[in-house]
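Peer 1: One structure follows; several queries about it will come next.
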Amino acid sequence: MRSMKKQRERQRDREREREREGERGREGEREREREREREREDHVWKSWTENLFPFSSRHYQHFLFNLYISKTRPSRYHTDTNQWITKTVSRPPKSISDDSKDPTTSLTGSKDPY
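All residue numbers for the sequence shown refer to UniProt numbering, where the first residue is 1 and numbers rise by one.
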């Protein structure tokens, strides 16, 4: 009698385990399908962005950053070396010969055009 009960319990345990494995298998299949869908979306997105920008997005980000910096603060950031310039560069004083070529100079030689 006892052995029959134990066999039935074992049989039920095996059936329950099979059901659990079946559910896991179905969940695994759903997860694999979701992963395939994500890969398809990624492929479409990557192909579209690669057609739009034939270089990597990191390169494009650096390009935009350098363009922004060069337009806003050209003397403060050196785009070739990607380093900030700490010391300011002063222009050398103009010579007298440069003064005569200046279009703002009037006939009297004063710099004020008004």
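Just so it is clear, CB atoms sit at the ideal spot from N, CA and C, and this is done for glycine as well.
Just the C-alpha distance for K5 and E15, rounded to the nearest angstrom, thanks.
Peer 2: Reading the sequence shown from its first residue, position 5 is the one you call residue 5. Reading the sequence shown from its first residue, position 15 is the one you call residue 15. The straight-line gap from Cα to Cα measures roughly 15 Å.
Peer 1: At the level of alpha carbons, what is the spacing between R10 and V44?
Peer 2: Here residue 10 refers to the residue found at position 10 of the sequence shown. Here residue 44 refers to the residue found at position 44 of the sequence shown. Answer to the nearest angstrom: the Cα atoms are 51 Å apart.
Peer 1: Quick one: complete beta strand (DSSP E) runs, 3+ long, within the UniProt region "Disordered" (1–42)?
Peer 2: As far as the UniProt region "Disordered" (1–42) is concerned, it has no whole beta strand (DSSP E) run of at least 3 residues.
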